[in-house]
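J.: Sequence lines, in order, name chains X and Z.
Note that numbering that gives the first Met the number 0 has the first sequence beginning at 0, numbered continuously upward.
Note that numbering that gives the first Met the number 0 has the second sequence beginning at 0, numbered continuously upward.
All residues carry an ideal CB built from backbone N, CA and C; glycine is no exception.
Only a predicted model underlies this, so the values are computations on that prediction, with no experimental measurement involved.
Number of protein chains: 2
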Amino acid sequence: MAGYELFYWPGLPGRGEFVRLALEEAGVPYRDVAQGPKAEGPGLVAAGLSAAGIATPPFAPPYLKHGKRIIGQTAAILLYLGDRHGLAPKTEAGRLWTHQLQLTIADAVSEGHDTHHPIASRLYYEDQKPEAKRRAEDFCHHRMPKFLRWFETVLERNPKGSLHLVGARVTYADLSLFQLVSGLTYAFPKASRAALRKTPKVAALVQAIAARQRIAAYLASERRIPFNQYGIFRHYPELDL
Amino acid sequence: MAGYELFYWPGLPGRGEFVRLALEEAGVPYRDVAQGPKAEGPGLVAAGLSAAGIATPPFAPPYLKHGKRIIGQTAAILLYLGDRHGLAPKTEAGRLWTHQLQLTIADAVSEGHDTHHPIASRLYYEDQKPEAKRRAEDFCHHRMPKFLRWFETVLERNPKGSLHLVGARVTYADLSLFQLVSGLTYAFPKASRAALRKTPKVAALVQAIAARQRIAAYLASERRIPFNQYGIFRHYPELDL
Numbered sequence: 000m001a002g003y004e005l006f007y008w009p010g011l012p013g014r015g016e017f018v019r020l021a022l023e024e025a026g027v028p029y030r031d032v033a034q035g036p037k038a039e040g041p042g043l044v045a046a047g048l049s050a051a052g053i054a055t056p057p058f059a060p061p062y063l064k065h066g067k068r069i070i071g072q073t074a075a076i077l078l079y080l081g082d083r084h085g086l087a088p089k090t091e092a093g094r095l096w097t098h099q100l101q102l103t104i105a106d107a108v109s110e111g112h113d114t115h116h117p118i119a120s121r122l123y124y125e126d127q128k129p130e131a132k133r134r135a136e137d138f139c140h141h142r143m144p145k146f147l148r149w150f151e152t153v154l155e156r157n158p159k160g161s162l163h164l165v166g167a168r169v170t171y172a173d174l175s176l177f178q179l180v181s182g183l184t185y186a187f188p189k190a191s192r193a194a195l196r197k198t199p200k201v202a203a204l205v206q207a208i209a210a211r212q213r214i215a216a217y218l219a220s221e222r223r224i225p226f227n228q229y230g231i232f233r234h235y236p237e238l239d240l
Numbered sequence: 000m001a002g003y004e005l006f007y008w009p010g011l012p013g014r015g016e017f018v019r020l021a022l023e024e025a026g027v028p029y030r031d032v033a034q035g036p037k038a039e040g041p042g043l044v045a046a047g048l049s050a051a052g053i054a055t056p057p058f059a060p061p062y063l064k065h066g067k068r069i070i071g072q073t074a075a076i077l078l079y080l081g082d083r084h085g086l087a088p089k090t091e092a093g094r095l096w097t098h099q100l101q102l103t104i105a106d107a108v109s110e111g112h113d114t115h116h117p118i119a120s121r122l123y124y125e126d127q128k129p130e131a132k133r134r135a136e137d138f139c140h141h142r143m144p145k146f147l148r149w150f151e152t153v154l155e156r157n158p159k160g161s162l163h164l165v166g167a168r169v170t171y172a173d174l175s176l177f178q179l180v181s182g183l184t185y186a187f188p189k190a191s192r193a194a195l196r197k198t199p200k201v202a203a204l205v206q207a208i209a210a211r212q213r214i215a216a217y218l219a220s221e222r223r224i225p226f227n228q229y230g231i232f233r234h235y236p237e238l239d240l
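1) Using a Cβ-Cβ distance under 8 angstroms, would residue 68 of chain Z count as near chain X?
2) Can you confirm whether residue 121 of chain X, when its beta carbon is compared against all beta carbons of chain Z, has any partner nearer than 8 angstroms?
3) Taking only three categories from DSSP, how would you classify residue 232 of chain X?
4) Please confirm whether residue 180 of chain X has its beta-carbon closer than 8 angstroms to some beta-carbon of chain Z.
5) What would DSSP say about residue 4 of chain X, mapped onto helix, strand or coil?
6) Beta-carbon separation of residue 5 of chain Z and residue 31 of chain Z under 8 angstroms?
7) Write down the C-beta distance between residue 195 of chain X and residue 209 of chain X rounded to the nearest angstrom, noting that I regard them as a contact closer than 8 angstroms.
8) Report all residues from its chain with a CB closer than 7 angstroms to the CB of residue 136 of chain X; omit the five preceding and five following residues, and keep chain order.
9) My output table needs one value for residue 123 of chain Z: the three-state DSSP class, helix, strand or coil.
10) Enumerate in chain order the residues of its own chain whose CB-to-CB distance from residue 100 of chain X is below 6 angstroms, with the five nearest sequence positions on each side excluded.
11) I want to verify the contact list: residues of chain X whose CB lies under 7 angstroms from the CB of residue 8 of chain Z, in sequence order.
12) Give me the Cα-Cα distance between residue 161 of chain X and residue 204 of chain X, rounded to the nearest whole angstrom.
13) Kindly indicate which residue of X:53, X:35, X:50, X:8 has the alpha-carbon position closest to the one of residue 41 of chain X.
14) Please list the residues of the region 130-148 of chain Z that have a C-beta atom closer than 9 angstroms to any C-beta atom in chain B, keeping them in chain order.
15) Quick check: the Cα distance between residue 111 of chain X and residue 28 of chain X, rounded to an integer number of angstroms?
16) Is residue 103 of chain Z buried or exposed, if buried means 16 or more other CB atoms sit within 10 Å of its CB?
17) Could you tell me whether the Cβ of residue 95 of chain X comes closer than 8 angstroms to any Cβ of chain Z?
18) Can the beta-carbon of residue 20 of chain Z be found closer than 8 angstroms to that of residue 178 of chain Z?
19) Strictly below 7 angstroms CB to CB, what residues from chain X border residue 41 of chain Z?
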């Protein structure tokens with residue numbers, strides 16, 4: 000079968016990064032179609048969204064092409080890759096639990112995004128600063144700690160030990176939690192430090208994922224896009240409470 | 000195996016309703032644990048969230064108990080039920096596409112909720128009215144029409160005809176789109192009417208779902224919780240633009 004082609008807006012890690020981490024850990028070749036110095040990157044991504052004749056059109060990036068398949072929605076892409084590359088258990092219960100974790104990570108990602116865009120993604124941050132300040136305050140004091148405490152509980156209760164969210168091996172949920180926490184640490188260095196002090200198992204998991212051979216090589220490569228002010232996780236000091 | 004037990008906050012349709020519709024269409028018995036006149040309803044739901052010793056604790060309701068399984072996240076519950084009750088195709092591609100549709104419905108539901116709670120779910124609407132007005136304006140003018148147009152496109156391109164989102168039979172995604180559009184119609188009668196005028200296939204699907212035998216019986220029953228001002232979809236005339 001053909002290789003994987005990932006479509007995501009160039010220049011920011013965004014939701015595409017959750018897919019990249021799975022592909023990198025799996026060690027499979029993939030083409031990150033819109034990345035790099037090519038000026039046509041955004042056009043390539045947009046073309047896939049508006050192309051006529053696709054029976055399963057994606058609503059938004061990221062989307063993955065694999066042969067004739069076009070799969071949108073980050074969590075659905077990971078469900079697909081998890082089955083193929085041993086990044087989720089094979090049992091129905093384990094597979095579903097991994098996916099449930101991923102969907103909760105997705106919720107946390109969306110809420111993280113909305114701290115700087117509580118009114119409209121279409122508008123600039125500068126057009127919604129007072130609202131962003133209020134939303135970020137709630138996120139830093141309530142939502143982020145709540146999400147991280149839940150992941151801590153999940154790690155504590157894993158019957159196979161607290162090194163992974165599910166079972167005794169790495170899953171795409173572990174990789175995604177690494178990315179979520181990395182993003183929160185970039186965006187909210189103070190608030191995330193306070194929250195992570197109370198969730199040491201989450202903090203340890205993040206360290207362990209970063210140290211995995213393939214992930215470490217990826218993070219040191221040019222393929223890894225640094226967090227920046229165009230992505231989902233942005234550092235505005237005034238929002239870090 | 001034991002029957003299904005659904006846990007969701009009593010007195011509002013909320014995200015629990017997406018699960019109820021699937022169970023009703025499947026025609027399987029289930030216990031809607033927290034509903035009805037029982038004062039202990041909220042406590043029953045909360046108890047499941049905070050119970051110690053559950054290896055797969057849900058982050059938030061709804062969650063479904065089925066024998067020893069506890070499944071959280073609406074889309075994950077539907078993935079589980081879809082497989083068991085013929086509410087999704089059996090092929091991997093069809094199953095994944097149905098799920099992708101559901102995840103996009105979930106995104107629309109969250110955005111619909113955030114129109115009246117753009118700052119914090121923890122606070123009252125009255126504490127975030129100016130922000131809600133701005134967010135609802137964007138939702139009514141941009142996001143809702145964009146979501147509905149996408150579903151219209153999906154219906155137009157379904158190789159098996161535009162009566163269903165996937166293939167030639169009803170799936171949980173059809174049921175969920177019915178609930179999403181019903182909620183939008185309750186919350187934003189003017190804006191949704193304008194959007195639905197441009198998405199006639201979506202409007203027709205909603206009518207067709209409401210007319211299905213089991214769904215019609217359910218909608219006429221006391222089990223159906225009407226939309227109200229405590230749920231995800233709320234009607235504040237000042238937000239309907």
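T.: On the basis of the coordinates in this document:
1) yes
2) yes
3) coil
4) no
5) In this structure, residue 4 of chain X counts as strand in the three-state DSSP scheme.
6) yes
7) Contact doesn't hold; Cβ gap of about 14 angstroms is too wide.
8) So the qualifying residues of the chain are 240.
9) coil
10) 164, 172
11) Here the premise fails: no neighbours, minimum Cβ distance about 17 angstroms.
12) 8 angstroms
13) X:8
14) Absent here is chain B; the protein component of the structure consists of chains X and Z.
15) 30 angstroms
16) buried
17) yes
18) yes
19) Within 7 angstroms Cβ-Cβ: nothing; residue 41 of chain Z doesn't reach chain X, min ~18 angstroms.
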